[in-house]
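Residue numbers (this note's numbering): 232 to 571.
Have a look at the structure below before the remarks.
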Amino acid sequence: MNLIDLYVEAVIKFLPQENKAEAARTLRSQIAEKLPPNPSDDEVRRVLEELGNPRQQAKNFDTRQRYLIGPEYYDSYISILKLVVGILITVMLVVTVLHWIIAPPSGGIIKFIVDLILSAVNGAIQATAWVTIVFAIIERNKLTAPPVLDQAWTPDDLSKEKSAKLRIKRSDAFVSIFFTVAFTAILIFRPELFSFFSRSGDTWNVVPILNLARLQDFIPLILVIAFLELGISSWKIIARHWNMSLAFANLGRNLATMALSLTMLWNRAIINPNLAGAISQYFGFSTAAIDRSIGIAIWVLIAIIIVAALIDSIIPFAKLARYSDRRDTWSDRRDTRWTH
Numbered sequence: 232m233n234l235i236d237l238y239v240e241a242v243i244k245f246l247p248q249e250n251k252a253e254a255a256r257t258l259r260s261q262i263a264e265k266l267p268p269n270p271s272d273d274e275v276r277r278v279l280e281e282l283g284n285p286r287q288q289a290k291n292f293d294t295r296q297r298y299l300i301g302p303e304y305y306d307s308y309i310s311i312l313k314l315v316v317g318i319l320i321t322v323m324l325v326v327t328v329l330h331w332i333i334a335p336p337s338g339g340i341i342k343f344i345v346d347l348i349l350s351a352v353n354g355a356i357q358a359t360a361w362v363t364i365v366f367a368i369i370e371r372n373k374l375t376a377p378p379v380l381d382q383a384w385t386p387d388d389l390s391k392e393k394s395a396k397l398r399i400k401r402s403d404a405f406v407s408i409f410f411t412v413a414f415t416a417i418l419i420f421r422p423e424l425f426s427f428f429s430r431s432g433d434t435w436n437v438v439p440i441l442n443l444a445r446l447q448d449f450i451p452l453i454l455v456i457a458f459l460e461l462g463i464s465s466w467k468i469i470a471r472h473w474n475m476s477l478a479f480a481n482l483g484r485n486l487a488t489m490a491l492s493l494t495m496l497w498n499r500a501i502i503n504p505n506l507a508g509a510i511s512q513y514f515g516f517s518t519a520a521i522d523r524s525i526g527i528a529i530w531v532l533i534a535i536i537i538v539a540a541l542i543d544s545i546i547p548f549a550k551l552a553r554y555s556d557r558r559d560t561w562s563d564r565r566d567t568r569w570t571h
């Protein structure tokens with residue numbers, strides 16, 4: 232093989248299979264343009280030296296992404312990462328303090344400080360992992376990417392702004408993230424904080440509202456729903472306007488949340504069977520009366536969950552049907568202006 236063949240082979244070996252043939256043709260054409268007819272070995276060597284290291288040259292032909300979070304999403308990633316890290320650290324610290332107040336363990340102030348630090352670090356690590364995974368998925372699927380600075384633009388784009396009626400309030404998405412992260416963190420790390428608290432003398436009596444043993448069976452599904460909620464909320468913050476893809480994703484999330492909630496509440500699968508007795512003993516009511524009240528409260532909660540899920544699912548479709556441009560109803564990929 233001559234030097235040109237060796238150089239081309241050295242370049243394309245760093246490329247994916249689908250790029251090799253096209254890269255080889257392009258590279259040979261570039262080399263030929265730089266060489267005179269019937270070039271000498273010295274002239275070939277000079278041109279190859281100008282092209283440089285084959286590994287470096289291969290980067291010009293490699294279209295694969297080399298980053299986890301690209302520049303289109305980086306600002307949103309940092310914004311949401313700060314929010315989620317702050318929420319989770321705060322929740323972990325508050326939960327640790329409350330746990331010490333309710334049931335002070337042995338070990339004194341040093342163990343308390345160590346627990347606080349470990350809780351904060353644990354919260355930061357988990358928050359970073361959650362948000363990074365969510366944005367890595369968004370990056371790979373290019374969900375409503377904001378435009379890069381070198382994107383083609385004309386004044387005609389100014390007349391194509393989307394209806395304000397389709398705009399998604401960032402505050403709503405941030406509030407959703409806050410409650411999702413806080414509620415999920417407590418359920419996973421300190422579910423006993425959802426309890427009926429009563430005081431007898433200097434002692435706190437704590438009866439968990441939830442069946443903690445049964446709750447563990449639902450933890451994987453709770454994490455999946457929380458991950459979906461974080462992903463959809465992040466997508467809303469990035470998109471800033473409803474489109475049909477986002478509306479269907481929102482519908483799927485609501486259906487999944489509703490299904491899990493109903494499964495947990497149906498037949499009181501997640502409720503502590505000792506709760507009614509503890510409440511009746513403290514207030515002096517009959518256990519049967521308290522049990523009926525708990526049953527009514529569960530049915531009211533089920534109704535609220537169903538109605539809220541239906542409303543949250545229907546509103547985006549209604550807005551799209553009334554205000555959207557039919558040409559970009561399904562996706563914003565063809566119209567990715569970063570509107571304010």
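Ideal Cβ placement from N, Cα and C applies to all residues, glycine included.
Could you tell me which residues DSSP pairs with residue i in its beta bridges?
i: residue 426; result: 439
i: residue 431; result: 434
Assuming residue i and residue j make a contact with CB atoms under 8 Å, what is their CB distance in whole Å?
i: residue 363; j: residue 299; result: 7 Å
i: residue 532; j: residue 438; result: About 19 Å; that fails the 8 Å criterion.
Where residue i and residue j are concerned, what is the direct C-alpha to C-alpha distance, given to the nearest angstrom?
i: residue 480; j: residue 309; result: 23 Å
i: residue 346; j: residue 445; result: 27 Å
i: residue 401; j: residue 435; result: 41 Å
i: residue 263; j: residue 374; result: 42 Å
i: residue 568; j: residue 469; result: Legend: pLDDT at residue 568 = 36, less than 50; position of this residue unreliable, value from coordinates given subsequently. Approximately 11 Å, taken between the alpha carbons.
i: residue 409; j: residue 512; result: 36 Å
i: residue 380; j: residue 252; result: Its pLDDT being 46, under 50, residue 380 is placed unreliably by the model, and the measurement read from it follows with that caveat. Approximately 32 Å, taken between the alpha carbons.
i: residue 390; j: residue 550; result: Interpretation of residue 390 is limited by its pLDDT of 49, a score under 50 that renders its predicted location unreliable; the figure taken from the coordinates is listed afterwards. Roughly 20 Å between the two C-alpha positions.
i: residue 455; j: residue 330; result: 26 Å
i: residue 419; j: residue 528; result: 23 Å
i: residue 547; j: residue 311; result: 23 Å
i: residue 276; j: residue 290; result: 21 Å
i: residue 517; j: residue 460; result: 40 Å
i: residue 234; j: residue 247; result: 22 Å
i: residue 492; j: residue 344; result: 36 Å
Where do the N-terminal and C-terminal ends of the alpha helix (DSSP H) with residue i fall, by residue?
i: residue 265; result: 248-265
i: residue 403; result: 401-420
i: residue 500; result: Unbroken run through residue 500: none, as it is neither H nor E.
i: residue 508; result: 506-514
i: residue 293; result: Careful: residue 293 lies outside any alpha helix (DSSP H) and carries neither H nor E.
i: residue 358; result: 339-372
i: residue 533; result: 518-554
Does the beta-carbon distance from residue i to residue j come in below 7 Å?
i: residue 544; j: residue 474; result: no
i: residue 489; j: residue 536; result: yes
i: residue 510; j: residue 428; result: no
i: residue 315; j: residue 412; result: yes
i: residue 287; j: residue 242; result: no
i: residue 227; j: residue 350; result: Lying before the first or after the last residue shown, residue 227 is absent from the chain, which here runs from 232 to 571.
i: residue 467; j: residue 404; result: yes
i: residue 370; j: residue 301; result: yes
i: residue 421; j: residue 352; result: no
For residue i, verify whether its CB is less than 6 Å away from any heavy atom of the ligand ADP.
i: residue 320; result: As for the ligand ADP, it is missing from this structure, which has no ligand bound.
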